[in-house]
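Asks: Structure provided below as structure tokens; questions to follow.
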Ligand SMILES: NC(=O)c1ccc[n+]([C@@H]2O[C@H](COP(=O)([O-])OP(=O)(O)OC[C@H]3O[C@@H](n4cnc5c(N)ncnc54)[C@H](O)[C@@H]3O)[C@@H](O)[C@H]2O)c1
């Protein structure tokens, strides 16, 4: 038996839509609320606003059986027992998380609800947000029906639906264990560790988790710099250390660094919280610094090989921030491409799922003169180099002989270490990776 009504605010976003559809699949009656009319209309016509493996089937099934519906009217959530808040929390220019979408949506909800409602923050927010929001609602006499709960989201884009069904843990923070349990039980977790804790602990677990993952990436990237100088191969180092279960093999692949809608912004938000607490976040700031260095270094490698980038034709492989997603939000592939352009290069971009500057959410002025070509072989045609930025499976499976024939100059600079140096040598490719 499911709940009468669950609301999801930001219900057409990456997190909100997965949350809404999968909860409906668990037999809860879910209303997804969003302010983006285009997304709602698209979903109603069967077109999801982004690609996510397995999501379309769940949305179709739950819309068709009447368990999932969409609305732009907050009043439709007025008698919801539980409302998940899944709106964006982007970085402000000073690194602080912008909580305006959180505040405005919770306030709008509080103005409409008529019955007791748990307002559950799934968005990633600074420690203390649930407490401050509670005070904010109390000051405005809007707290009568609303109780704040924190239930951070850990899913990964590309495997979001699978991660919903098989989470590593469920974390819920509140001031009342009964409320926390109610949220955890909603997911019907089988053999999944559940952490029921305070607001601040739950909020911080999410940020610290992402900061730790970022640290692993910057750590191995710093090791890669030494590998290049002493003739070592960072991939062997990664495997050699990662086989130790205390370290493990995840997030220790050297490359062009991390980007995308979460890791960098969450790290910046955490650093800002240290600043506000007058603590010097020495490790966290270095993590960011090393990451920015990787972005510069990959362009410098290309420049060193070609002498200059002025007038050179470069094929950039991959624009999404990672494979298996069409998400280019905060993808550092974009600033890398801008850097190439600023140095006088002419860029041809290719990506299996991102097909145009418009789809990347950018204007022609932001990516001037970038040509988009779907086939990587055609994109490489008569180019001075290929620069690989996203670890798409399609690139690992490239026919290197064919790629070489397309290129004017057989140079591949690989920010994702997809290939074997010796094999590439056999093909006559000048292959430059990261830490190898
Ligand atoms: N994307 C991820 O992989 C991921 C993973 C874990 C946590 N998170 C966190 O989840 C949150 C949401 O991220 P996302 O990637 O889903 O963002 P998103 O931009 O894809 O989705 C946000 C949605 O909220 C809607 N929205 C904005 N303001 C609104 C309002 N006032 N009322 C109703 N809807 C509103 C937008 O139209 C959009 O559909 C962020 O805090 C993010 O850090 C994201």
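In my numbering, the protein residues as written are 66 to 501. Beta carbons are placed, not taken as given, at the ideal position from N, Cα and C, and that holds for glycine.
(1) For ligand 1, is there any heavy atom lying closer than 7 Å to the beta carbon of residue 426?
(2) Using the beta-carbon count (16 or more within 10 Å), is residue 285 buried or exposed?
(3) Are there three or more Cβ pairs, one per stretch, closer than 8 Å when the region 436-449 is compared with the region 483-497?
(4) May I ask you to verify whether the region 316-330 touches the region 273-282, counting CB pairs closer than 8 Å and requiring at least 3?
(5) Looking only at its chain, what residues have a beta carbon closer than 8 Å to the beta carbon of residue 392, apart from the 5 residues adjacent to it on each side?
(6) Does the distance between the C-beta of residue 326 and the nearest non-hydrogen atom of ligand 1 fall short of 7 Å?
(7) Closer than 7 Å to a non-hydrogen atom of ligand 3 - does that hold for the CB of residue 274?
(8) Quick one: which unbroken alpha helix (DSSP H) runs of 4-plus residues sit fully inside the region 252-288? Chain order, please.
(9) Using the C-alpha atoms, what's the distance from residue 216 back to residue 144?
(10) Quick check: residue 432 and residue 402, are their CB atoms within less than 8 Å of each other?
(11) According to DSSP, is residue 178 helix, strand or coil?
(12) Who are the near neighbours of residue 120 in its chain, counting only those whose CB is closer than 8 Å to its CB and skipping five residues on each side?
(13) Between residue 104 and ligand 1, is the CB less than 7 Å from at least one heavy atom?
(14) Output yes or no for whether 8 Å exceeds the beta carbon distance between residue 189 and residue 272.
(15) Is the beta carbon of residue 269 less than 8 Å from the beta carbon of residue 242?
(16) Please list the terminal residues of the continuous beta strand (DSSP E) segment that includes residue 380.
(17) Is any heavy atom of ligand 1 found at a distance shorter than 7 Å from the C-beta of residue 178?
(18) From the DSSP output, read off the bridge partner residues of residue 235.
(19) Within 10 Å of its beta-carbon, does residue 361 have 16 or more other beta-carbons around it, so buried, or fewer, so exposed?
(20) Could you check where the alpha helix (DSSP H) with residue 229 kicks off and where it finishes?
(21) Looking at the structure shown, is residue 10 part of a helix, part of a strand, or coil, going by DSSP?
(22) To the nearest angstrom, report how far apart residue 240 and residue 212 are at their CA atoms.
(23) Kindly examine ligand 1 and report whether one of its heavy atoms sits closer than 7 Å to the Cβ of residue 168.
(24) What is the rounded straight-line gap between the Cα of residue 102 and the Cα of residue 139?
(25) Short of 6 Å in beta carbon distance, which residues of its chain neighbour residue 481, apart from the five on each side in sequence? Order them along the chain.
Replies: In short, the structure shows the following:
(1) no
(2) buried
(3) no
(4) yes
(5) 79, 115, 222, 325, 326, 385, 386
(6) yes
(7) Ligand 3 is absent from the structure shown, which contains only ligand 1.
(8) none
(9) 21 Å
(10) yes
(11) coil
(12) 82, 83, 86, 113, 225, 226
(13) yes
(14) yes
(15) no
(16) 378-382
(17) no
(18) 259
(19) exposed
(20) 225-230
(21) Nothing can be reported for residue 10: it is not among the residues displayed for the chain, which extend from 66 to 501.
(22) 9 Å
(23) no
(24) 14 Å
(25) 320, 453, 456
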